[in-house]
Every structure is written in C-alpha cells, then in structure tokens.
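Same order as they appear, the protein sequences are chains A and B. Mapped onto the working numbering, the consecutive letters of the first sequence carry residue numbers 1 to 123. Mapped onto the working numbering, the consecutive letters of the second sequence carry residue numbers 1001 to 1123.
There are 2 protein chains.
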Amino acid sequence: MASRALILFAHGARSAGWAEPFERLRDMTAARVDDCEVSLAFLELMAPSLPDEVAAMAARGITRISIVPVFLGLGGHLQRDLPALVERLRTQHPQLSIDVAGPVGEDAGVLAAMADYCVTSLS
Amino acid sequence: MASRALILFAHGARSAGWAEPFERLRDMTAARVDDCEVSLAFLELMAPSLPDEVAAMAARGITRISIVPVFLGLGGHLQRDLPALVERLRTQHPQLSIDVAGPVGEDAGVLAAMADYCVTSLS
C-alpha cells in the first residue's frame, strides 16, 4: 500500500458537474505516479472535506501528504483558509508530513496552456 | 484600431494579488494575437465588470467580442450568471457580435498542464 498521497484541493460548488474536470485531473495525475494515492478534497459545498480526507488517509497508514491547490489565483481561501486548515491538521496528526504547493493557476506551464486556449478561441 | 476584442472573464476576489496570474494571462495572450484587444473583466469584487468593459468597447467601435471564462469548472457562475449577463449585453448592444467559449479548466491542454504540475509537485 502506498504511504504517500497527493490531495488535489479544490473550492467546491453547488453544481455536481463542476467537479468533473477536477475528477479528470485526479485520474490523469494518478495514472502518472507510482506508490502514491491521488484524491480530491474540497473547501466547501462538496465532499470530502480536507480534514475528513486527511483523517481517512492517516487512519490507513499514509505518512506523507502533498496538497496541490487547484485554484487559479492566490486569494483569501489560500492565504487564510488553507493555512489554518493545515495548521490544525498538523496538530491533530503529528505523525503526518504535510506540504502545500502553490496554486496550479500560478504555474508557468498552466498559464501557457491557458494562453494557448485563449488564442485558439479566437480562430 | 482593432474592431475585435477578447475578454478574459474571471471571478474576482478581495485580495488584489489574486488577479496577478490573470493579468499575466492577459499579457501573454495579447502578445500572441494581432488586431484584437485583450482585456480582463470580473464577475464580482474586482473592476471592471463585464457590462462596463463591454460598454466601453462598444463605445470605441469594437464590433466583435469573444469571452473566455477563466474558471476551472462549470458551476452556477457559468451556467446562470454569465449567460444572463451576456443575454442582457446582446440586448443592450445589438450591433455587437458576442461569443462565449467554454471554461479554460475544461480544456484538454490546460488539464494536461495541470497534471504535469501535480506530478512535479511530488518530486
């Protein structure tokens, strides 16, 4: 069993269909990594929450968790809500190593792909 | 002067820094298109709003506007708010041609770039 996990952390929304590209992203990522669980967790409106997902992982022996915020920009959710959640999780699960990446939307490769899409939308 | 424009439509947030990757995306896209203005407009919390941006464009002779939603998923904002805004804009500016693309986050190239970022975050 993997002892490592990657959690794609997304906002959540009322429309069930909203999560569809995030589910695709989870599956695409999972297909490319070995010995690492890949799952989704949400800030609000959708399940599982980040604390529930981390607790379930800790209970089954995961020791190292990387969180990638699937957000476009660095707003209050990533500047305040996520750090507060992670601080509580580190206190609750001191045996876990938890690291947090920057938001996907600030990655140069993601921005380049979005620019490609914008340019293509004009043709 | 360009008669065509591309509007990158984003959610908006309270943190001024949130818009930074969207501004980079606007500049990267603008550098790659000819005879087309590229600008940002926001649903809420940031200016300009989409109606204000479209009205300003119409006033200076833009005749054709493409809107690209810089959103990750297709939630209520894109299923209800944006179509309602666009319907009003078409009524208010009947001389304008306005088309709306799918959200950037559902594009295969953008998803692939996000998966690359997720995989890289593990190393």
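Here a beta-carbon is modelled for each residue, glycine too, at the ideal position from N, C-alpha and C. All figures in this text were calculated on a predicted structure; none of them were measured in a lab.
- Listed as beta-bridge partners of S1039(B) by DSSP are I1007(B).
- The beta carbons of L1074(B) and P1103(B) sit about 6 Å from each other, so the pair counts as a contact at 8 Å.
- Nearest C-alpha to L1072(B) among V110(A), R4(A) and A5(A): V110(A).
- If you draw a 10 Å sphere on the C-beta of T120(A), you find fewer than 16 other C-beta atoms in it, and that means exposed.
- By the Cβ neighbour-count rule, D1035(B) is exposed, with fewer than 16 other Cβ atoms within 10 Å of its own.
- By alpha-carbon distance to A1055(B), the top candidate from V1086(B), A1115(B) and P1021(B) is V1086(B).
- Within chain A, L72, G73 and G105 have C-beta atoms less than 9 Å from the C-beta of F1022(B), given in sequence order.
- Inclusion of R1014(B) and G12(A) in the CB contact set at 8 Å is not warranted, their separation being larger than that value.
- Taking a contact to require three or more Cβ pairs closer than 8 Å, the region 15-22 of chain A and the region 1082-1099 of chain B do not qualify as touching.
- In the DSSP assignment, D1052(B) falls within the alpha helix (DSSP H) that extends over L1050 to A1059.
- The C-beta of S66(A) has 16 or more other C-beta atoms within 10 Å across all chains shown, which makes the residue buried.
- With 16 or more neighbouring CB atoms inside 10 Å of its own CB, R26(A) falls in the buried class.
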